[in-house]
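Q: Residue numbers (our numbering), protein chains in the order written: chain S, 1 to 437; chain D, 438 to 1120; chain E, 1121 to 1369.
Glycine residues also receive a C-beta, built at the ideal position from the N, C-alpha and C atoms.
Bear in mind that the values here come from a model prediction, so they are computed numbers and not experimental data.
1. Between residue 831(D) and residue 1040(D), what straight-line distance do the alpha-carbon atoms span, to the nearest angstrom?
2. Nearest by alpha-carbon distance to residue 980(D): which of 1072(D), 1048(D), 480(D) and 835(D) is it?
3. Check this for me: beta carbons of residue 1223(E) and residue 1257(E), under 8 angstroms apart or not?
4. Please check the pair residue 144(S) and residue 53(S), which I expect to be a contact at CB under 8 angstroms, by giving their CB distance rounded to whole angstroms.
5. Would you kindly check if the distance between the Cβ of residue 305(S) and the Cβ of residue 323(S) is under 8 angstroms?
6. What is the DSSP secondary structure of residue 1338(E), reduced to helix, strand or coil?
7. Could I get the ranges of all uninterrupted beta strand (DSSP E) runs contained in the segment 39 to 79 of chain S, with 3 residues as the minimum, in chain order?
8. List the residues of chain S whose Cβ lies closer than 7 angstroms to the Cβ of residue 624(D), in chain order.
9. Does residue 597(D) get closer than 8 angstroms to chain S when you measure Cβ to Cβ?
10. Just to make sure I have the definition right: I need the residues of chain E whose C-beta is within less than 8 angstroms of the C-beta of residue 939(D). Which are they?
11. Residue ranges of each alpha helix (DSSP H) run of no fewer than 4 residues wholly in the segment 338 to 388 of chain S, ordered along the chain?
12. Rounded to the nearest angstrom, what separates residue 101(S) and residue 122(S) at their Cα positions?
13. Report yes if the CB atom of residue 592(D) is closer than 8 angstroms to the CB atom of residue 532(D), and no otherwise.
14. Mind listing the chain D neighbours of residue 1216(E)? Cutoff is C-beta to C-beta under 7 angstroms, in chain order.
15. Quick one, are the C-beta atoms of residue 158(S) and residue 97(S) less than 8 angstroms apart?
16. When you compare only the Cα positions, how much space is there between residue 482(D) and residue 219(S)?
17. Taking Cβ to Cβ, would you say residue 395(S) is nearer than 8 angstroms to residue 311(S)?
18. Residues of chain D with CB under 7 angstroms from residue 361(S), in chain order?
19. Just the Cα atoms here: how many angstroms apart are residue 890(D) and residue 884(D)?
20. Under 8 angstroms between the Cβ atoms of residue 581(D) and residue 566(D)?
21. Count Cβ pairs between the segment 1172 to 1183 of chain E and the segment 1339 to 1353 of chain E that sit closer than 8 angstroms; are there 3 or more?
22. Cutting at 8 angstroms between CB atoms, please list the residues of its own chain near residue 57(S), excluding the five before and the five after it.
23. Do you know offhand how far residue 1251(E)'s Cα is from residue 35(S)'s?
24. Which same chain residues, not among the five before or five after residue 990(D), have their C-beta less than 6 angstroms away from its C-beta?
25. Using 10 angstroms around the beta-carbon of residue 1127(E), count the other beta-carbons present and answer buried if the total reaches 16, otherwise exposed.
26. Starting from residue 1152(E), follow its DSSP beta bridges and name the residues at the other end.
27. Would you check if the segment 1229 to 1242 of chain E and the segment 1292 to 1306 of chain E touch, i.e. whether three or more CB-CB distances between them fall below 8 angstroms?
28. Below 8 angstroms on the Cβ atoms is my contact criterion, and I expect residue 227(S) with residue 333(S) to pass it. Report the Cβ-Cβ distance as a whole number of Å.
29. Tell me which residues share the same chain as residue 589(D) and place their Cβ nearer than 8 angstroms to its Cβ, disregarding the 5 neighbours each side in the sequence.
30. Can you round the beta-carbon distance between residue 931(D) and residue 1055(D) to whole angstroms, since I take them to be within the 8 angstroms contact cut?
31. Using a Cβ cut-off of 8 angstroms (strictly closer), state whether residue 1125(E) contacts chain D.
32. Counting only C-beta atoms, is residue 1250(E) closer than 8 angstroms to chain D at any point?
33. Should residue 161(S) be labelled buried (16 or more other beta-carbon atoms within 10 Å of its own) or exposed?
34. Going by DSSP in three states, residue 1143(E) sits in which element: helix, strand or coil?
35. Given a limit of 9 angstroms on CB to CB distance, which residues of the segment 676 to 689 of chain D reach chain E?
36. Counting only C-beta atoms, is residue 1148(E) closer than 8 angstroms to chain D at any point?
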């Protein structure tokens, strides 16, 4: 069987771009090495930071408008290591909170200035707790902290749960003293009963990241091949050789777009695979092996996305190749495609709006439709009409882009141009009023 | 020298400035994009919230089991979450299932059972369900259960609204109940109220400080990479490099001049972008951190303090120059930008983490240190020691990179057989082979080894050690051995008995040194409690002593040695000096353990074992030493050692055997040529 | 008298990733003197460009010796580069600099400053008639104009030795005859000119002596008459073929 000529061209283009060691390296090997490396670094970095945080001791000052017996007890409850229990159980030397109590009465203003006090060039306290006069209406315990200091944030984060536990304990004790069952203090209990199976949760997580990731990857994956095959051709001075082929120019162009599409698809698939492999590992590292219980990847949904993703890659490839064809060198091609890339990625952001659903109307809007369709597909929503509309719209847009690419790029002013087309020149060309040719 | 640098700088800048199209794409465009991006994200966020908030949800209720006044209160509270529709149904079956049906079911099965009942009861008529029943733990209390499907946007929204309303109700009821039961609240005045005492400039600066370092890296990379590509790769491509190289000037000032041009381009881009960003903030476009709620940003003086980031910019630009200088063409250079971006952005992303203090250790880490100092400078917290450490480490790193950059502009590299990397590949095939397999080994451990051990610890460990690592060793050695024997390539040659003895005698001293090193490392690099629990013997605690010895002492001793000290080291040694070969394999050994806390100890151990292998011309002493070291570690370390003699008096004297061991090792190997050196030069 | 250019047993081997070890130059001996034009003649891949690059000090020799004006290129390559003017198809011009800026830049790199710099630049602008397009960017110049700027760039510092690697490749008839005139004029000023070519007529017309190089070896060197005598052939083309065949046998 003889392959159609455009496939022969695509085959040659693929072969020649894969023979370039560098391209092969960056398209195929890099994702497989890079993502695991990056994820490993992230996990280890988190561990180091976590260790550092746990071993940072913070200092807290405690004052009151009306000092009372309570303050000593409070100071003891707040201080110490993790758990901060009154029994003095400080199991490990981590999450240490040192409390310094000021027994003299202070107003809130005085507490504020105390919180800003410095000792040997360092702030004396990382946070200050100030108890209002309990008799006053709307009395509170003010937690004074400085959001611009990381230690201060740490102090606040350690203080609040300990304070809450202390309050709870006081109430329970008071109830016991009055011979009241402490459980009666709480007339209601609210519980969320999950009805979402973990596969659906996996799908949900995926559907919030993957659509935009797919768009970005398809655009990035098509970027280099498009520039290489369209502008690079001119740079390598092989454009003329190609034009001499006994084929219509459109066939050559179709072949190129096909080659770009397949590279983009392979790049997307490989990237996803590598991310998937290492992300699962990352999750299990972060959750201590419990990740398997919390969600699983919906493989079928991923397969369902594939046809649409390929169609989208085709669309992107056609557009990028058409634009890159206007440039005379690789470098110029890149400069041209930079903004075009944004044209794809910005609308993709619209697609992540929660609550926006794939309606027949949205299904006709390029890029947004893909993002919405990916999301719905991953969540397994049965919107068959919309999917069909979306695919049809994509196909129409892709074919239109191919037509436009052929129409522009097969003009000899463009195909053999020694310099990149200026916008003005392109405009005159498009209006068919080219005085120079 | 400086005249040349200036001349090169001037010309490079002129060339960059005249390339208007690229200039626009790299410098101006991002500055124009900010307003657009801020505006879009802001709109997207807001309209997302609006769409959901405006959505009418329909909520099913079964409050029949609740006391009537409570049911009415809940109904009232829920009705206020407009637009909402409430309807009653009988969820008896679901409540019964929750109370009796879940026994013996795991979480997944419980969810599935609940789901089936929910679908039958509510179906498509409502988006969420609230049921009431007596709390099984305390029947006088009412338990309210909220059922919603988090996967569906609307159902999730319905669930959220229900929770909000009910929690508010809960608080109100609790307060009333407390008053009724206890009279006055014993914890009166203890409810916390959080007050931020940071000054406006400080908090604006802190908010901006979380965004700016990452932004600075990205912008520097965009502006700097365009300049670096034009000045290095572009020059090569335009064919002007040879013109430059025939001039009577050393390559170093040329490289410096070009680097300066890249730095200027990067900094100018940063300046333009920063200005655009600040204008966006002041104009109130989107939610720029530090400019929300009427804040006017941290002020110019604070921003000027941000100059402390300069060494970070210098380092990034030096890295870009080096990468682009290695590239043979514009295109090749462009492809390397993404890895560089990840390498620089990842350590910078640390500023996104809350509660990270700028310790001296972190300040010395490239990119991380600069990012933290910038953050601190903006929030008015800059510590000068940390800043000094950061300047020293970053400028030192940049100097190193620039030193290498000078070499890249050397004619040999430019003209002899293409780019620098492929040259190394062509000239040192064994090194390239070993590096490839080393990286492959680390990846295999990361992706396969850990997975195996997650699946089943003991079987996974055995498979990793006896199947995965030996196959890596064989595969590495098979290709590399050339015409030599596989055994020799792996270092499986009989050593001198005295060497074997010497190696073993040194082990207690190494154990002793390692214990102290680990203690010191724990001070500098404290371990989080979760990791500390996991890194102990943990799950294998229950194993019998012989089993333990086999699994964590003998097996690693044999298998890891085969791969690292055997195959990799032999291959590396063909092309590299002994020191470099040992260092490389030690690095792989360290990375193979996949934990940052074991990086330094395993690196040192790997280095010592590698040196031992080269010294004794055999892998057996290294195997024995490795196994003994691991055995000592698992038997004698920890809270309650496995063997009685771990705390014995004579244990303290064992390290003093080391001099004797070293003396034995100083005896010459049996043959002059070691396994790794036989085929030093292949034809 | 010290020869202006001298090589002894010059060798250069590369490691090429695709082809493996390549011996580009294998023991080349060469001498040329002031006021002499020496033509290095050989097919593509004979080692001409590599030899010239070694002489210019941008490639190091694997073994052997190369001297310019008595200065060893491996010992002091900077001094060597000060004494030569080098021009090849690969010594391009910066597209976005003007002709004048280009010349000023390279004058500065040669250590000229202020008055001396202006003088040197003015001199070559006048000599090569660059003035009409001196403020045009190089990317906009015609091939001939570009060639003139390149030559001006190479002789800016008045070098006693001129090394030209296939100087007429890619030039039209007018531009290459300008080039040939230029080479002859340099001889008259006592410069030593070493140039490589594969165009035999050029060599016949210009060279005082011709060296025939093939597979990295110098097959024969001498004046045209000497070469004719040695091979018994009349035309240079024939001389060349016989020498190559002789070497192959």
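A: Here's the rundown:
1. As a first step, residue 831(D) is located in the second chain; it is residue number 394 there, counting from the start. As a first step, residue 1040(D) is located in the second chain; it is residue number 603 there, counting from the start. Between residue 831(D) and residue 1040(D), the C-alpha separation is close to 24 angstroms.
2. In the second chain, residue 980(D) corresponds to position 543, counting from 1. A check of alpha carbon separations from residue 980(D) across 1072(D), 1048(D), 480(D) and 835(D) identifies 1072(D) as the nearest.
3. Position 103 of the third chain, counted from the start, is the residue given in the question as residue 1223(E). Position 137 of the third chain, counted from the start, is the residue given in the question as residue 1257(E). Against a cut-off of 8 angstroms, the Cβ pair of residue 1257(E) and residue 1223(E) comes out as no contact.
4. As a first step, residue 144(S) is located in the first chain; it is residue number 144 there, counting from the start. As a first step, residue 53(S) is located in the first chain; it is residue number 53 there, counting from the start. That belief does not hold up - the Cβ atoms of residue 144(S) and residue 53(S) are roughly 21 angstroms apart, past 8 angstroms.
5. As a working mapping, residue 323(S) is identified with position 323 in the first chain. As a working mapping, residue 305(S) is identified with position 305 in the first chain. Inclusion of residue 323(S) and residue 305(S) in the CB contact set at 8 angstroms is not warranted, their separation being larger than that value.
6. As a first step, residue 1338(E) must be located in the third chain, where it is residue number 218. Residue 1338(E) falls in the strand class under three-state DSSP.
7. Listed in chain order, they are 58 to 64.
8. Residue mapping note: residue 624(D) aligns to position 187 of the second chain, counting from 1. Chain S residues near residue 624(D): 167, 170 and 171.
9. If you number the second chain from 1, residue 597(D) lands on position 160. Judged by the 8 angstroms Cβ criterion, residue 597(D) is not in contact with chain S.
10. The residue given as residue 939(D) occupies position 502 in the second chain. Those do not exist, as residue 939(D) stays about 41 angstroms from chain E at its closest Cβ, beyond 8 angstroms.
11. If we require 4 residues or more, the alpha helix (DSSP H) runs fully inside the segment 338 to 388 of chain S come out as 368 to 378.
12. Position 101 of the first chain, counted from the first residue, corresponds to residue 101(S). Position 122 of the first chain, counted from the first residue, corresponds to residue 122(S). Across the structure, residue 101(S) and residue 122(S) are spaced so that their CA atoms are roughly 19 angstroms apart.
13. By one-based count along the second chain, residue 592(D) stands at place 155. By one-based count along the second chain, residue 532(D) stands at place 95. Taking the C-beta atoms as reference points, residue 532(D) is found no nearer than 8 angstroms to residue 592(D).
14. As a working note, residue 1216(E) is residue 96 in the third chain. Near residue 1216(E) (Cβ distances below 7 angstroms), the residues of chain D are 452, 455 and 456.
15. As a position in the first chain, residue 158(S) is number 158, starting the count at 1. As a position in the first chain, residue 97(S) is number 97, starting the count at 1. Cβ atoms of residue 158(S) and residue 97(S): closer than 8 angstroms.
16. Start at 1 with the first residue of the second chain, and residue 482(D) comes out as number 45. Start at 1 with the first residue of the first chain, and residue 219(S) comes out as number 219. The straight-line gap from Cα to Cα measures roughly 24 angstroms.
17. Here residue 395(S) corresponds to residue number 395 of the first chain, with the count starting at 1. Here residue 311(S) corresponds to residue number 311 of the first chain, with the count starting at 1. Cβ distance < 8 angstroms, so residue 395(S) and residue 311(S) count as in contact.
18. Residue numbering aside, residue 361(S) sits at position 361 when the first chain is read from its first letter. Listed along the chain, the chain D residues whose CB falls inside 7 angstroms of the CB of residue 361(S) amount to none; the nearest CB is some 15 angstroms away.
19. Numbered from 1 along the second chain, position 453 holds the residue referred to as residue 890(D). Numbered from 1 along the second chain, position 447 holds the residue referred to as residue 884(D). Near 11 angstroms, if we compare the C-alpha coordinates of residue 884(D) and residue 890(D).
20. If you number the second chain from 1, residue 581(D) lands on position 144. If you number the second chain from 1, residue 566(D) lands on position 129. Result no, Cβ atoms of residue 581(D) and residue 566(D) do not sit closer than 8 angstroms.
21. At 8 angstroms Cβ cutoff, the stretches do not touch.
22. Against the first chain, residue 57(S) aligns to sequence position 57. Within the same chain, Cβ atoms closer than 8 angstroms to the Cβ of residue 57(S) are found at 96, 97 and 98, the five residues on either side in sequence being excluded.
23. Indexing the third chain from 1 puts residue 1251(E) at position 131. Indexing the first chain from 1 puts residue 35(S) at position 35. The alpha-carbon atoms of residue 1251(E) and residue 35(S) are separated by roughly 57 angstroms.
24. Counting from one through the second chain, the residue named residue 990(D) turns up at place 553. Shown here for residue 990(D): same chain residues with a beta carbon closer than 6 angstroms to its own, the five before and five after excluded, namely 1064, 1067 and 1068 in chain order.
25. On the third chain, residue 1127(E) is found 7 positions in, with the first residue counted as 1. Buried.
26. Taking the third chain and counting its residues from 1, the one referred to as residue 1152(E) is at position 32. Bridge partners of residue 1152(E): 1125(E).
27. They do not touch, by the three-pair rule.
28. Looking up residue 227(S) in the first chain gives position 227. Looking up residue 333(S) in the first chain gives position 333. Residue 227(S) to residue 333(S), Cβ: 4 angstroms. Contact.
29. Working through the second chain from its first residue, we reach residue 589(D) at position 152. For residue 589(D), where only same-chain residues beyond five positions count, the Cβ hits under 8 angstroms are 564.
30. For the purposes of this step, residue 931(D) is taken as the residue at position 494 of the second chain. For the purposes of this step, residue 1055(D) is taken as the residue at position 618 of the second chain. With 8 angstroms as the limit, residue 931(D) and residue 1055(D) qualify as a contact, their Cβ atoms being about 7 angstroms apart.
31. As a first step, residue 1125(E) must be located in the third chain, where it is residue number 5. Not flagged as an interface residue toward chain D: residue 1125(E), since no C-beta distance is shorter than 8 angstroms.
32. As a position in the third chain, residue 1250(E) is number 130, starting the count at 1. With respect to chain D, the C-beta atom of residue 1250(E) has no partner C-beta closer than 8 angstroms.
33. Walking along the first chain from the start, residue 161(S) turns up at place 161. Residue 161(S) comes out exposed.
34. Counting from 1 along the third chain, the entry for residue 1143(E) is found at position 23. Strand at residue 1143(E).
35. The segment 676 to 689 of chain D vs chain E, Cβ under 9 angstroms: 676, 677, 678, 679, 680, 681, 682, 683, 684, 685, 686 and 687.
36. Here the question's residue 1148(E) lines up with position 28 in the third chain. Not one beta carbon of chain D lies nearer than 8 angstroms to the beta carbon of residue 1148(E).
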